[in-house]
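Asks: Before anything else, here's the structure in question.
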Amino acid sequence: MRTCAESFQSYVLRPLGRDYGENLLPRGLDITFCDQLFLIGGGLIWNVYFAGVAIFFGFFLATAVALAKFSQSPWLNRPAGAFVFFFRGSPLFIQFFFFYSAFVLLPRVGIEIPLGFTTLTLHTSALTTAQVGALFVLILNTTAYSAELFYGALRAIPKGDLEAADAYGLTGFARFRRIVWPNMLRLSWPSYTNEAIFLTHSTTLVFLSAFPARQQSGEAFYYARYFVDQTFNPFVAYPLVAAYFILLTLAIIGTFGLVNIRLNRHLPRPQRARIRFRPQYLR
Amino acid sequence: MFQFCADPSILPDWQWFACYLTSGTHLAFYRSFLVVMLLLVVVAPLALGMGMLGALALRSHFLPFNWVGQGYVNLVRGVPDIVFFLFVPIALGQGIEWVLHQINCPDWDQPIRQGNDFIVCREAKMPPVGASAWVRNVYGFAMAVVAFALVFGAFVANTLYGAMRAVPRAQIETAEAYGMTRAQAFRRIVLPQMWVFALPGLSNIWQILIKSTPLLFLLGIQDAVFWARELGGAKTSLFTYPHPDWRVWYFMALLVFYLFLTWASERGFGWLTLRMSHGQATAEGERLRRKAVA
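As you go down the protein sequences, you meet chains S and H in turn.
The first sequence begins at 48 in our numbering and counts up by one.
The second sequence begins at 21 in our numbering and counts up by one.
Here it is as structure tokens:
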């Protein structure tokens, strides 16, 4: 039997691949509590990776899509509306399946991207891996949901603020950067926090759908499910993964709460929107 | 299905497709959409019931009830729902077998959990040994229903609790002025009026519920996702209808189905909101009242 320290050594970085720990995962009667604790905990690396990168790119894309949807021109708001409708109206789980089976059919070529100092070669086959392909789907998905939130906030920007911007002669990008954008973020931030939580939770679906877990390197829930299949005892691995996700959720609430304080710092105290963990379920 | 389907390999294109799309497995694929609908129809009232209980617990002044409500709602919210969907059926299944084991086989001397095995006596097996496939399917489906009702009950509890608090205070004060007790005021004043406030939240939860039905696949139920994977995969010439990898088309069909479902229910909820606003102490209710007078 392994000691706890040995399990830590062997499995905490194992989710990154075979080179970072034991070759094989623990099996059958050989599984100890510490194995489950560290392997599931190590799997969180991927949850944080998927959620973090998707939220980062999704944030900027969502701002663009929300502005497009809010614009008067049908050439912009129609496609943006269709994009949001498509990704909000269908299940993420099926989006994973659909995009995976589409990526598999892509011709296998390398696309060269000249970056000046060096040339980056992107292989289309990378899209069939979870780390790239599923991330791509997650980015589009969170873009759609966040864009809808930002769009709602854009419509709710106080008229007085816009009139004040006009009075100061602010136009174009300066008006957007100083008035529209901060207001949009401030109004949508509590719901955006919920979106971030939901997205983090949906990263558990990545390896349950079509995307393969190469070398058995998966995220936390992938390992929890592996352990339950091995031990036929759902009362250890699932509560463990649940506890990890509660911690992750609290971390998100904490981080986004700090941003929320900054966004609302100019307002008198009672008017500030508080992030409450009692969301209007928008997903 | 059709007369000419006897030898599909010599058929022209349109007849080939007519035969292909009406083959036995495809009919099972179409039926699996009904399973999705059935799940929605069964889970919705159960989740509403669970949600009502949860909301009452959250409102309760009796502290233990209040704690149970808080714990239930916050636990479900902090954990990905997929954890519950996979945990509840297996945990509940083992729980039922354990209880039956205690009742039916009191003189059993071996431990139930031996290593990685969960061993109960023959009489305690659920579904019973030798049960037909039909019974097994219904049992599995019922487990899934319980898991869904539990998760969505927590969402609904939150929404209903908020809706109860959104009923204008003046309405309840009026009820108190008429000498109604807390329970009477709740039954006669709060309960009928809360729905219009709950509706936007419930509509969102309904959309989430629709979009989590494909997770049935993970519970080993032969739902639309299962058949799409099954039928779409490349078929060699050993099969009656050989074709290359068509999964992308099957999943596209599923996407269209779900898009239609969410779109239609959005329209449905819009209509319901309008209906519920009649005679309510809200802006929309006021507008409808003016229209009726004019």
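Glycine included, every Cβ here is placed at the ideal spot set by N, Cα and C.
Remember, predicted model here, so these are calculated numbers, not experimental data.
Consider the Cβ of isoleucine 160(S): report whether some Cβ of chain H lies at a distance smaller than 8 Å.
Replies: Locating residue 160(S) in the first sequence gives position 113, where the first residue counts as 1. Isoleucine 160(S) does not count as touching chain H.
Asks: At the level of alpha carbons, what is the spacing between leucine 317(H) and alanine 162(H)?
Replies: Given a span of 21 to 314 for chain H in the structure shown, any question on residue 317(H) remains unanswerable.
Asks: Which chain H residues sit within Cβ distance under 9 Å of leucine 174(S)?
Replies: For this step, residue 174(S) is matched to residue 127 along the first sequence. Those within 9 Å of leucine 174(S) in chain H number zero; the least Cβ separation is about 13 Å.
Asks: Counting contacts by CB-CB distance shorter than 8 Å, is valine 103(H) in contact with chain S?
Replies: For the purposes of this step, residue 103(H) is identified with residue 83 of the second sequence, where counting begins at 1. It does; some Cβ of chain S falls within 8 Å.
Asks: At a CB-CB cut-off below 7 Å, which residues of chain H make contact with isoleucine 293(S)?
Replies: As a position in the first sequence, residue 293(S) is number 246, starting the count at 1. Those within 7 Å of isoleucine 293(S) in chain H are Gly98, Val99.
Asks: Short of 8 Å Cβ to Cβ, which residues in the stretch 270–285 of chain S face chain H?
Replies: Against chain H - using a Cβ distance shorter than 8 Å - the residues of the stretch 270–285 of chain S are Ala271, Arg272, Val275, Gln277, Thr278, Phe279, Asn280, Pro281, Phe282, Tyr285.
Asks: Do the CB positions of tyrosine 198(S) and phenylalanine 117(S) come within less than 8 Å of each other?
Replies: The count along the first sequence starts at 1 and reaches residue 198(S) at position 151. The count along the first sequence starts at 1 and reaches residue 117(S) at position 70. Going by C-beta atoms, tyrosine 198(S) is nearer than 8 Å to phenylalanine 117(S).
Asks: Express the C-alpha separation of leucine 196(S) and serine 238(S) in angstroms, rounding to a whole number.
Replies: The count along the first sequence starts at 1 and reaches residue 238(S) at position 191. The count along the first sequence starts at 1 and reaches residue 196(S) at position 149. Distance between the alpha carbons of serine 238(S) and leucine 196(S) is about 7 Å.
Asks: What does a CB cutoff of less than 6 Å around alanine 183(H) pick up in its chain, not counting 5 residues either side in sequence?
Replies: Here residue 183(H) refers to the residue found at position 163 when the second sequence is read from its first residue. Around alanine 183(H): Met214, Phe217, Ala218.
Asks: Smallest Cα separation from alanine 129(S): which of Ser285(H), Leu294(H), Leu279(H)?
Replies: Taking the first residue of the first sequence as position 1, residue 129(S) is located at position 82. Answer by Cα proximity: Leu279(H).
Asks: With distances taken Cα to Cα, identify the nearest neighbour of asparagine 136(H) among Leu295(S), Asn280(S), Ile293(S).
Replies: Looking up residue 136(H) in the second sequence gives position 116. Of the candidates Leu295(S), Asn280(S), Ile293(S), the one whose C-alpha sits nearest the C-alpha of asparagine 136(H) is Asn280(S).
Asks: Over what stretch of residues does the alpha helix (DSSP H) that includes isoleucine 299(S) continue unbroken?
Replies: Along the first sequence, one-based indexing puts residue 299(S) at 252. First-last of the alpha helix (DSSP H) with isoleucine 299(S): 281–310.
Asks: Excluding the 5 residues preceding and the 5 following proline 326(S) in the sequence, name in chain order all residues of the same chain whose CB lies nearer than 6 Å to its CB.
Replies: For the purposes of this step, residue 326(S) is taken as residue 279 along the first sequence, with counting starting at 1. Interpretation of proline 326(S) is limited by its pLDDT of 47, a score under 50 that renders its predicted location unreliable; the figure taken from the coordinates is listed afterwards. Cβ within range, chain order: Asn241.
Asks: Let me know the secondary structure DSSP gives glutamate 304(H) once reduced to three states.
Replies: For the purposes of this step, residue 304(H) is identified with residue 284 of the second sequence, where counting begins at 1. Note: glutamate 304(H) maps to helix in three-state DSSP.
Asks: Quick one: complete alpha helix (DSSP H) runs, 4+ long, within the stretch 66–114 of chain H?
Replies: The stretch 66–114 of chain H contains these whole alpha helix (DSSP H) runs: 83–98.
Asks: Go ahead and label tyrosine 328(S) buried or exposed: buried means 16 or more other beta carbons lie within 10 angstroms of its beta carbon, across all protein chains shown.
Replies: As a working note, residue 328(S) is residue 281 in the first sequence. Any reading at tyrosine 328(S) must be qualified, since the residue scores a pLDDT of 49, below 50, and its modelled position is unreliable; the value itself is stated next. That one is buried.
Asks: So, at 8 Å on beta carbons, what are the nonlocal neighbours of proline 100(H) in its own chain, with the 5 sequence-adjacent residues on each side left out?
Replies: Position 80 of the second sequence, counting from 1, holds the residue named residue 100(H). Excluding sequence neighbours, proline 100(H) sits near nothing in its chain.
Asks: In terms of alpha-carbon separation, which member of Gly69(H), Val165(H), Asp129(H), Phe138(H) lies closest to valine 275(S)?
Replies: For the purposes of this step, residue 275(S) is identified with residue 228 of the first sequence, where counting begins at 1. When only C-alpha atoms are compared, the closest one is Phe138(H).
Asks: Among the residues of its own chain, which have a CB less than 6 Å from the CB of asparagine 178(H), if the five just before and after it don't count?
Replies: For the purposes of this step, residue 178(H) is taken as the residue at position 158 of the second sequence. Result list for asparagine 178(H): Val93, in chain order.
Asks: Can a CB atom of chain H be found closer than 8 Å to the CB of serine 137(S)?
Replies: Taking the first sequence and counting its residues from 1, the one referred to as residue 137(S) is at position 90. Yes, serine 137(S) counts as interfacial toward chain H.
Asks: Given that alanine 111(H) touches chain S, what residues does it touch there, using C-beta distances under 9 Å?
Replies: The sequence position of residue 111(H) within the second sequence is 91, counting from 1. Residues of chain S passing the Cβ test: Pro281, Phe282, Tyr285.
Asks: Check whether the stretch 136–154 of chain S and the stretch 257–277 of chain H touch, using three or more Cβ-Cβ pairs below 8 Å as the test.
Replies: Because the criterion of three Cβ pairs below 8 Å is met, the stretch 136–154 of chain S and the stretch 257–277 of chain H touch.
Asks: Can you check whether the C-beta of glutamine 327(S) is within less than 8 Å of a C-beta belonging to chain H?
Replies: For the purposes of this step, residue 327(S) is identified with residue 280 of the first sequence, where counting begins at 1. With a pLDDT of only 47 at glutamine 327(S), under 50, the local geometry of the prediction cannot be trusted, and the value read off the model is given with reservation. Yes, because at least one Cβ of chain H sits closer than 8 Å to the Cβ of glutamine 327(S).
Asks: Does threonine 251(S) come within less than 8 Å of chain H when only Cβ atoms are used?
Replies: Residue 251(S) sits at position 204 when you count from the first residue of the first sequence. Threonine 251(S) counts as touching chain H.
Asks: Contact criterion: CB-CB distance below 8 Å. Does methionine 72(H) meet it with respect to chain S?
Replies: Position 52 of the second sequence, counted from the start, is the residue given in the question as residue 72(H). Cβ-Cβ to chain S under 8 Å: no for methionine 72(H).
Asks: Pairing CB atoms from the stretch 178–185 of chain S with CB atoms from the stretch 207–216 of chain S, are three or more of them under 8 Å?
Replies: No, because fewer than three Cβ pairs between the stretch 178–185 of chain S and the stretch 207–216 of chain S fall closer than 8 Å, the two stretches do not touch.
Asks: If isoleucine 102(H) sits next to threonine 251(S), beta carbons under 8 Å apart, how far is it from one beta carbon to the other, in whole angstroms?
Replies: Here the question's residue 102(H) lines up with position 82 in the second sequence. Here the question's residue 251(S) lines up with position 204 in the first sequence. Contact flag correct, Cβ pair sits at about 5 Å.
Asks: Give the residues of chain H in contact with isoleucine 141(S), contact being defined as C-beta atoms less than 8 Å apart.
Replies: One-based indexing of the first sequence puts residue 141(S) at position 94. Residues of chain H passing the Cβ test: Pro234, Val245, Phe271, Leu274, Leu275, Tyr278.
Asks: Return the CA-CA distance between serine 43(H) and phenylalanine 49(H), expressed in angstroms with no decimal places.
Replies: Looking up residue 43(H) in the second sequence gives position 23. Looking up residue 49(H) in the second sequence gives position 29. Roughly 10 Å separates the two Cα atoms.
Asks: To the nearest angstrom, how far is the alpha carbon of methionine 48(S) from that of aspartate 77(S)?
Replies: Locating residue 48(S) in the first sequence gives position 1, counting from the first residue. Locating residue 77(S) in the first sequence gives position 30, counting from the first residue. If I take the Cα positions, the gap works out to 7 Å.
Asks: Can you list, in chain order, the residues of its chain with a C-beta nearer than 6 Å to that of phenylalanine 82(H)? Leave out the 5 residues immediately preceding and following it.
Replies: In the second sequence, residue 82(H) corresponds to position 62, counting from 1. If we look at phenylalanine 82(H) and ignore the five residues flanking it on each side, it has no Cβ neighbours.
Asks: Is DSSP giving leucine 294(H) helix, strand or coil here?
Replies: Translated into positions along the second sequence, residue 294(H) becomes position 274. Reduced to three states, the DSSP call for leucine 294(H) is helix.
Asks: Does aspartate 137(H) have its Cβ less than 8 Å from a Cβ in chain S?
Replies: For this step, residue 137(H) is matched to residue 117 along the second sequence. Yes, its Cβ sits closer than 8 Å to a Cβ of chain S.
Asks: Would you identify the three-state DSSP class for tyrosine 328(S), choosing helix, strand or coil?
Replies: Counting from one through the first sequence, the residue named residue 328(S) turns up at place 281. Any reading at tyrosine 328(S) must be qualified, since the residue scores a pLDDT of 49, below 50, and its modelled position is unreliable; the value itself is stated next. DSSP places tyrosine 328(S) in coil when its eight states are reduced to three.
Asks: Glycine 180(S) touches chain H at which residues, Cβ-Cβ below 8 Å?
Replies: Taking the first sequence and counting its residues from 1, the one referred to as residue 180(S) is at position 133. Result: empty, since nearest Cβ-Cβ is about 13 Å, beyond 8 Å.
Asks: Name the one or two DSSP bridge partners that glutamine 277(S) has.
Replies: Taking the first residue of the first sequence as position 1, residue 277(S) is located at position 230. Per DSSP, none; premise fails for glutamine 277(S).
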